[in-house]
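Our numbering numbers the first residue of the sequence shown as 44 and each following residue consecutively.
Where a beta carbon is used, it is the ideal one built from N, C-alpha and C, also for glycine.
Structure record follows, encoded as structure tokens.
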Amino acid sequence: MCGTTRSRAAGAACPAPAVPLRGLGVRFRLPWNVLSPIQARSVSMLSTQQSPVVHPPASPSGDVPVDFVDSAEARFDPAGMPARMVAALDAVRLGVPVVVLDDADRENEADLIIAADRLTHAGMAMLIRECSGIVCLCLTEGKAASLGLRPMVEHNRSQFGTAFTVSIEARTGVSTGVSAADHITTIRAAIAPDADTQSVVSPGHVFPLVAKAGGVLARRGHTEGSVDLASLAGLSPAAVLCELMLPDGTMARRDDAVRFADQHSLPLLTIEDIVRYREQMTRAVSLA
44 MCGTTRSRAA GAACPAPAVP LRGLGVRFRL PWNVLSPIQA RSVSMLSTQQ
94 SPVVHPPASP SGDVPVDFVD SAEARFDPAG MPARMVAALD AVRLGVPVVV
144 LDDADRENEA DLIIAADRLT HAGMAMLIRE CSGIVCLCLT EGKAASLGLR
194 PMVEHNRSQF GTAFTVSIEA RTGVSTGVSA ADHITTIRAA IAPDADTQSV
244 VSPGHVFPLV AKAGGVLARR GHTEGSVDLA SLAGLSPAAV LCELMLPDGT
294 MARRDDAVRF ADQHSLPLLT IEDIVRYREQ MTRAVSLA
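In structure tokens, the structure reads:
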């Protein structure tokens, strides 16, 4: 076990303490470069909603492994969807990136997603460092219209109809637009409540995506999933995403996403989780 004489003698590195989210027993280790100690302590003080605690299996010696990792199959068990969603929404509220996988028969890719309201320099740096480099800002149709953003092309012929608009830059306050700080300045300018056609210019280094009205219930894409997560977390319906890549330049798939989420102590979701969660909410409202 971490902290024991045996582990110190072996030179084992002790990971950061796992922090429970909403008393769920669902834990992920908070990355040092995303949350301050004060923010980290605040996680366990969020409103409580109970769910059974998940305990790792004991080893033959009776010890519990330090770095217990569920299998990919267990990670995506439909029965675990409510716990995954609550953990993810708590993370979204704190500006912690969430790893989101879409359907295997669709893009079969993992994106890192951060609520635009909670974007930090550390979070943006992580997106730039670990992902494809194409930083996308997911917006509602209304917000895109208020900024005067036109589609990138007149006729969208992409396989999944990804709704890119012209790229943007903040009108003021940026240099080259490439740095993490400049990306954040542009995103903050675009999502400001009073943002209009004079707030941003084109072209730029941030790529807006327009989510379909109805979210994942209308289109099972990362764009809609990102906006839904921000809205469900009680934040402005805007989020930043970037496609997760491997060091060799290939795209991260399901097992890669599981490993990445564990390595960086991040919540992991699927678009299917968000769809099921929203469907349950819709049924609950209709029965009320």
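Taking C-beta to C-beta, are residue i and residue j nearer than 9 Å?
i	j	result
Leu312	Arg127	yes
Arg332	Ala153	For residue 332 there is no data in the structure shown, the boundaries of the chain being 44 and 331.
Ala213	Thr228	yes
Ile234	Ala281	yes
Thr183	Arg193	no
Ala134	Pro125	no
Asp271	Arg321	yes
Arg262	Gly176	no
Asn151	Met288	no
Is residue i helix, strand or coil when you go by DSSP?
i	result
Leu190	coil
Gly268	helix
Ser329	helix
Pro246	strand
Pro121	helix
Met195	coil
Val178	coil
Phe207	strand
Ala233	helix
Asp298	helix
Asp154	strand
Thr228	helix
Val283	strand
Ala130	helix
Val217	coil
Val318	helix
Leu137	helix
Leu309	coil
Leu260	helix
Leu162	coil
Leu170	helix
Leu275	helix
Mark residue i as exposed unless 16 or more other C-beta atoms lie within 10 angstroms of its C-beta, in which case mark it buried.
i	result
Gly247	buried
Ser274	buried
Met169	buried
Pro290	exposed
Leu309	buried
Leu330	exposed
His198	exposed
Ala276	buried
Asp298	exposed
Val217	buried
Gly258	buried
Arg49	Reliability of the predicted coordinates at Arg49 is poor, the pLDDT of 47 falling under 50, and the value obtained from them is presented with this limitation in mind. Arg49 is exposed by the Cβ-count criterion.
Val249	buried
Ala122	exposed
Ala256	exposed
Report back the beta-carbon spacing between residue i and residue j to the nearest angstrom; my notes put them in contact at under 8 Å.
i	j	result
Ala254	Cys181	6 Å
Cys174	Glu286	6 Å
Val318	Leu260	7 Å
Ala188	Pro251	The Cβ separation is near 11 Å, so there is no contact.
Leu190	Ala238	6 Å
Glu315	Asp146	7 Å
Ile156	Ser269	5 Å
His265	Val143	6 Å
Asp160	Ser279	5 Å
Checklist entry - Can at least three beta-carbon pairs, one atom from the region 163-173 and one from the region 221-241, be found at a separation below 8 Å? => result yes
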